[in-house]
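> This is the structure, below, for whatever I ask next.
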Amino acid sequence: MPPKIFITGATGYIAGDATHLLYTTHPDWSYTALVRTEEKASLLQKAFPTIRTVLGTLEDSDLLKSEAANADIVLHAADASDHEGAARAIASGLIAGHSEASPGYWLHTGGTGILTYADEKAGKLGEWEAQEWNDWSGVAELTSLPDEAFHRNVDRVVLATGTEFAGRVKTAVVCPPTIYGKGRGPVGTRSRQAYELARLILEAEFIPIVGEGKARWDHVHVFDLSRVYLLLAEAAAAAVGGKKEGMGDATGEEEREMWGERGYYFVPGGRHVWGEVAEAMGRQAEVMGLVGDKKLEKAGLSREKAMEQAGFQAVSWGLNSQGRGERAAKVLGWRPEGPGLYEEIPRILSEEAERMGRKTA
């Protein structure tokens, strides 16, 4: 029997791309997706003809419980890091629908915004910070971050499920940093952080610098991120009886490192300084003629103005989030292969210019 996969966020950016990769790699698997409207369900089914869709939202707890209980693998990406109610419903469904003889697998989408809590607590913006978190040697620190940390309330739900019910529910928390690259899903193809930065540069025609502009953040191409979900899903499918060429069931030690209290994954493809990315975007916009013949000046961007621009996504241009990701490489054999963030800047600018109705060369 092919594994049954339940996906939230398949019409969004992260899960849209992941669904594309899963479906094209394993078209024989059984897929179900939560969607809000008939229109989006139609678009999803046009792209993935055999996918089953269920209409609902993250507020429909009974529906989430039912689908999670019936699925072998849940890939949760729709507002996954911040909607505690949905996480609790998925946890309840997985616990109720599975046993130690037939466990369920939960691929949960977190985010490295959780690492910004120290800057936020200290009121720091744009300052260089040396601390780097490690998902292998320092995983215990990550799974016990302070309750006030961003995303922590949902992290706790997932981690508690994967430890208290470790026999019947296997959890993996995937924490992407800044994501870039055009998604391959049928609806949502745009990320936020770097794209909102590009949009502001094109609209306001200045280079925004938050604080000293020295804050650093990791980044990953969306194609590379999707491969992490694919590898985790394949490992789960192998364990529940699905086929994966060249790979058998994980050993006990591999299981301990892959799921549950240690199953916490950073997936960086590289690292950038926000002030440097902003300047690189500004200079590239000049080269591409997207700001006329102007020479863009740097200008400070306050927290308040950043919030007006794009909420936390813009405030994050002044915060540090640095994670050394070793777990995906060690237990899944994952390596980032996509183009780097700086390489992608011309495409990001072109896409944002087109969204604004501007002609590009």
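Our numbering applies: residue -5 is where the sequence shown begins, and numbers increase by one.
By construction, the Cβ of each residue, glycine as well, lies at the ideal position given by its N, Cα and C atoms.
#1: Verify whether the separation of the beta carbon atoms of V285 and E338 is less than 8 Å.
#2: Quick check: the Cα distance between V309 and L225, rounded to an integer number of angstroms?
#3: Going by alpha carbons, who is nearest to V216 out of L196, V261, M252, E142?
#4: How about the segment 167 to 174 and the segment 249 to 263: do they share at least three Cβ pairs that are nearer than 8 Å?
#5: Leaving aside the five residues before and after R46 along the sequence, list all residues of the same chain whose C-beta is less than 6 Å from its C-beta, in chain order.
#6: Which residues does DSSP pair with R260 in a beta bridge?
#7: Since A230 contacts I342 with CB under 8 Å, what's their CB separation in whole angstroms?
#8: Please classify L196 as buried or exposed, where buried requires at least 16 neighbouring CB atoms within 10 angstroms.
#9: Which runs of the alpha helix (DSSP H) spanning at least 4 residues fall entirely within the segment 39 to 103, listed in chain order?
#10: Give the secondary structure of H266 by DSSP, where H, G and I count as helix, E and B as strand, and everything else as coil.
#11: Please state whether DSSP places Y174 in a helix, a strand or coil.
#12: Which one of E94, T18, K40, Q316 has the shortest CA to CA distance from Y111?
#13: Would you call the CB atoms of G87 and E53 closer than 8 Å?
#14: Quick one: residues in its chain with C-beta nearer than 8 Å to the C-beta of G10, no 5 flanking neighbours on either side, listed in chain order?
#15: So what does L284 bridge to, in DSSP terms?
#16: Candidates L194, G276, N314: which alpha carbon is nearest E302's?
#17: Taking G264 as the reference, which of E94, E320, R30, Y17 has the closest Cα?
#18: Rounded to the nearest angstrom, what separates L49 and I1 at their Cα positions?
#19: What residues are listed by DSSP as bridge partners for A293?
#20: Any idea which residues DSSP pairs G317 with across the strands?
#21: For Y427, which three-state DSSP category applies?
#22: Give the C-beta separation of A85 and V151 to the nearest angstrom, bearing in mind that I take them to be a contact with Cβ-Cβ under 8 Å.
#23: Quick one, which of D22, T13, W211, L290 has its alpha-carbon nearest W127's?
#24: From this set, H213, G235, P140, K353, which residue's C-alpha is nearest P333's C-alpha?
#25: Where does the unbroken alpha helix (DSSP H) through S220 begin, and where does it stop?
#26: Are the segment 66 to 74 and the segment 93 to 103 in contact at 8 Å, needing three or more beta carbon pairs?
#27: Rounded to whole angstroms, what is the Cα-Cα separation between P140 and R146?
#28: Does the distance from the C-beta atom of V163 to that of G269 stay below 8 Å?
#29: Under 8 Å, do E228 and V325 count as touching if we go by C-beta distance?
#30: At the 8 Å Cβ level, is Q125 part of the contact set with chain B, yes or no?
#31: K353 to L153, Cα distance in whole Å?
#32: According to DSSP, is V325 part of a helix, a strand, or is it coil?
#33: From the DSSP output, in three-state form, read off V181 for me.
#34: S220: which of E33, A12, A279, M350 sits nearest, CA to CA?
#35: Looking only at its chain, what residues have a beta carbon closer than 8 Å to the beta carbon of Q307, apart from the 5 residues adjacent to it on each side?
#36: Once you ignore the five residues that flank R277 on each side, which residues in its own chain have a CB closer than 8 Å to its CB?
Answer, in terms of the structure:
#1: Working through the sequence shown from its first residue, we reach residue 285 at position 291. Working through the sequence shown from its first residue, we reach residue 338 at position 344. No, the pair does not count as a contact, with Cβ atoms beyond the cut-off.
#2: Here residue 309 corresponds to residue number 315 of the sequence shown, with the count starting at 1. Here residue 225 corresponds to residue number 231 of the sequence shown, with the count starting at 1. So the two alpha carbons sit approximately 32 Å from each other.
#3: In the sequence shown, counting from the first residue as 1, residue 216 sits at position 222. The candidate whose alpha carbon is nearest that of V216 is V261.
#4: Counting Cβ pairs under 8 Å, three or more are found: they touch.
#5: Looking up residue 46 in the sequence shown gives position 52. So the list reads T26, once near-sequence residues are dropped.
#6: Against the sequence shown, residue 260 aligns to sequence position 266. The residue asked about is misnamed: residue 260 is Phe in this sequence, not Arg. Note: F260 sits in a beta bridge opposite C169.
#7: For the purposes of this step, residue 230 is taken as the residue at position 236 of the sequence shown. For the purposes of this step, residue 342 is taken as the residue at position 348 of the sequence shown. A230 to I342, Cβ: 33 Å. No contact.
#8: Stepping through the sequence shown from its first residue, residue 196 is reached at position 202. So L196 counts as buried.
#9: For the segment 39 to 103, whole alpha helix (DSSP H) runs of length 4 or above, ordered along the chain, are 55 to 64, 78 to 91.
#10: Here residue 266 refers to the residue found at position 272 when the sequence shown is read from its first residue. In this structure, DSSP gives H266 an extended state, which the three-state scheme calls strand.
#11: On the sequence shown, residue 174 is found 180 positions in, with the first residue counted as 1. Annotated three-state conformation of Y174 is strand, per DSSP.
#12: The residue labelled residue 111 in the question sits at position 117 within the sequence shown. Comparing alpha carbon positions, the residue from E94, T18, K40, Q316 closest to Y111 is Q316.
#13: In the sequence shown, the residue the question calls residue 87 occupies position 93. In the sequence shown, the residue the question calls residue 53 occupies position 59. No.
#14: Residue 10 sits at position 16 when you count from the first residue of the sequence shown. In chain order, G3, A4, G177, R178, G179, P180, V181, G182, T183 place their CB closer than 8 Å to the CB of G10, counting only its own chain and leaving out the 5 sequence neighbours on each side.
#15: As a working note, residue 284 is residue 290 in the sequence shown. DSSP output for L284 lists G286 as bridge partner(s).
#16: Along the sequence shown, read from residue 1 onward, the residue named residue 302 stands at position 308. L194 is the residue among L194, G276, N314 whose C-alpha sits nearest the C-alpha of E302.
#17: Taking the first residue of the sequence shown as position 1, residue 264 is located at position 270. Measuring from the Cα of G264, the nearest candidate turns out to be E320.
#18: As a first step, residue 49 is located in the sequence shown; it is residue number 55 there, counting from the start. As a first step, residue 1 is located in the sequence shown; it is residue number 7 there, counting from the start. The alpha-carbon atoms of L49 and I1 are separated by roughly 12 Å.
#19: Working through the sequence shown from its first residue, we reach residue 293 at position 299. DSSP, once it has assigned bridges, lists P202 as partnering A293.
#20: Along the sequence shown, read from residue 1 onward, the residue named residue 317 stands at position 323. As a beta-bridge residue in DSSP terms, G317 pairs with W127.
#21: For the chain, the structure presents residues -5 to 355; residue 427 sits outside this window and is missing.
#22: In the sequence shown, counting from the first residue as 1, residue 85 sits at position 91. In the sequence shown, counting from the first residue as 1, residue 151 sits at position 157. Confirmed, about 6 Å.
#23: Working through the sequence shown from its first residue, we reach residue 127 at position 133. Ranking D22, T13, W211, L290 by Cα distance to W127 puts W211 first.
#24: Counting from one through the sequence shown, the residue named residue 333 turns up at place 339. Looking at the Cα atoms, H213 is the closest of the given residues.
#25: Position 226 of the sequence shown, counted from the first residue, corresponds to residue 220. Here the alpha helix (DSSP H) through S220 covers 216 to 233.
#26: Verdict: yes, contact present.
#27: In the sequence shown, the residue the question calls residue 140 occupies position 146. In the sequence shown, the residue the question calls residue 146 occupies position 152. Roughly 7 Å between the two C-alpha positions.
#28: If you number the sequence shown from 1, residue 163 lands on position 169. If you number the sequence shown from 1, residue 269 lands on position 275. No, Cβ-Cβ distance for V163 and G269 is not below 8 Å.
#29: By one-based count along the sequence shown, residue 228 stands at place 234. By one-based count along the sequence shown, residue 325 stands at place 331. Contact flag unset, no.
#30: The structure shown contains no chain B; it holds only a single protein chain.
#31: Here residue 353 is taken as the residue at index 359 of the sequence shown, counted from 1. Here residue 153 is taken as the residue at index 159 of the sequence shown, counted from 1. For the pair K353 and L153, the Cα-to-Cα distance works out to about 47 Å.
#32: To locate residue 325, count along the sequence shown from 1; it is residue 331. Reduced to three states, the DSSP call for V325 is helix.
#33: Reading the sequence shown from its first residue, position 187 is the one you call residue 181. Coil at V181, not helix or strand.
#34: For the purposes of this step, residue 220 is taken as the residue at position 226 of the sequence shown. In terms of Cα proximity to S220, the closest of E33, A12, A279, M350 is A12.
#35: Sequence index remark: in the sequence shown, residue 307 carries index 313 (1-based). So the qualifying residues of the chain are R186, Q187, E190.
#36: The residue you call residue 277 lines up with position 283 of the sequence shown. Excluding sequence neighbours, R277 sits near L290.
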